[in-house]
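Residue numbers (this note's numbering): 13 to 401.
Structure first, then comments.
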């Protein structure tokens, strides 16, 4: 792997940033101390900052010469997880943990701020975007609504995620759909309660929920084309509390994941039809709340090849991993909807260092060598983009 000397020199500082954030996690849209720390560090570099969406922090580095604007984004929020790691920089707060790597993303972006203020930007502008509320709160949507892509207008947005499924030393850049659209649904099945010993005198919503769960699986196997992708998962069923009472109501909650807009519309339509008709067949009435959450994260194809080429320069051709799009969701998709954008994955798995647990696990950890790789990628992408576009 080939690293710029200044990136190598900054690695200890970036690790220190990451460990600070890891010790002081804050949940979605509550990143008040995190935002203040970021502002303080940016002010040390003589950079002006602006708040957006409450706890979002934005700063613009200007070359003074005409040219495009690239936006570098890092998410800020932690998860409601109690950490089980025992290292010295573990979370200081029960029920709050950086279990997805957002501490790493912020640390790398602060490192970029140091690099970009030490080495003048050749032309154009770099917008640093520290974004709150990625974990289920659509913080990116809030930032877009607050004007993060404007003044100056963003021409290209770049983001990264340290990625537990990939070994350290690997970088993945998916061209086109990279992460799935996210929809949520909640179904309320209304039947007629009664004694469990006399089911003929009741209308059982629990039985109806079982039928619906089974029937919903036909959407992917029989309605979605084999070359398309979709997930329909019922993840929660709540009904009665006693062994001998058929409850009057059962509630089901779940998620739908898709990549293509026509498939997304198809799944929603079929889900509603199956739920209503299955409930009716069981003598129940269904109330359905289908909630679109996030669009798919679709990487710009031209810019994906641009980033992939730079990744190959850093980790070599064999280090550029070909991975499948993931059914996980990511609100970076809000930027992809508006401007050419690329979201890359930086491998952070290392068995020797205990970095083997998946994202959102209470023992999640990264190989901190991945921070240097991510920094190098962001640095080269920024410099090359501003010189050549």
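From the three backbone atoms N, C-alpha and C, an ideal C-beta is built for every residue, glycine too.
Here the structure is a predicted model, which is why all the values come from computation and not from measurement.
query: With a threshold of 16 other CB atoms inside 10 Å of the CB of residue 5, please say whether the residue is buried or exposed.; result: Within the shown structure, residues of the chain are numbered from 13 to 401, placing residue 5 beyond reach of any answer.
query: Across which residues does DSSP place residue 304 in a beta bridge pair?; result: 195
query: Decide yes or no for the touch test of the segment 265 to 285 against the segment 172 to 185: beta carbon pairs closer than 8 Å, at least 3 of them.; result: no
query: Taking the beta strand (DSSP E) that residue 361 belongs to, which residues open and close that run?; result: 353 to 361
query: Under three-state DSSP, which class holds residue 311?; result: strand
query: Suppose only complete runs of 3+ residues qualify. What are the beta strand (DSSP E) ranges in the segment 140 to 205, listed by chain order?; result: 168 to 179, 188 to 191, 193 to 202
query: Quick one: using the 10 Å Cβ neighbour count with 16 as the cut-off for buried, is residue 71 buried or exposed?; result: buried
query: Could you tell me which residues DSSP pairs with residue 53 in its beta bridges?; result: None; residue 53 has no bridge partner.
query: Smallest Cα separation from residue 131: which of 172, 89, 75?; result: 75
query: Run through the DSSP bridge pairs and tell me what residue 224 is partnered with.; result: The partner list for residue 224 (beta bridge, DSSP) is empty, contrary to what the question assumes.
query: What span of residues does the beta strand (DSSP E) with residue 375 cover, start to end?; result: Where residue 375 is concerned, there is no enclosing beta strand (DSSP E), given that its DSSP letter is neither H nor E.
query: With which residues is residue 68 paired in a DSSP beta bridge?; result: 64
query: Pull up the distance between the alpha-carbon of residue 399 and that of residue 16, whole angstroms please.; result: 17 Å
query: For the alpha helix (DSSP H) containing residue 390, name the first residue and the last one.; result: 381 to 400
query: Can we say the segment 306 to 318 touches the segment 250 to 263, given the rule of at least three CB pairs closer than 8 Å?; result: no
query: Just grab the DSSP bridge partners of residue 299 for me.; result: 200
query: Leaving aside the five residues before and after residue 230 along the sequence, list all residues of the same chain whose C-beta is less than 8 Å from its C-beta, in chain order.; result: 286
query: Where does the unbroken alpha helix (DSSP H) through residue 16 begin, and where does it stop?; result: Note, residue 16: premise wrong, no alpha helix (DSSP H); not H, not E.
query: Check whether the segment 193 to 208 touches the segment 368 to 375, counting contact only when three or more Cβ pairs, one atom from each stretch, lie closer than 8 Å.; result: no
query: Quick one: grab the DSSP three-state call for residue 250.; result: strand
query: Residue 79 to residue 401, Cα distance in whole Å?; result: 8 Å
query: Work out the CA separation of residue 301 and residue 189 for me, nearest whole Å.; result: 26 Å
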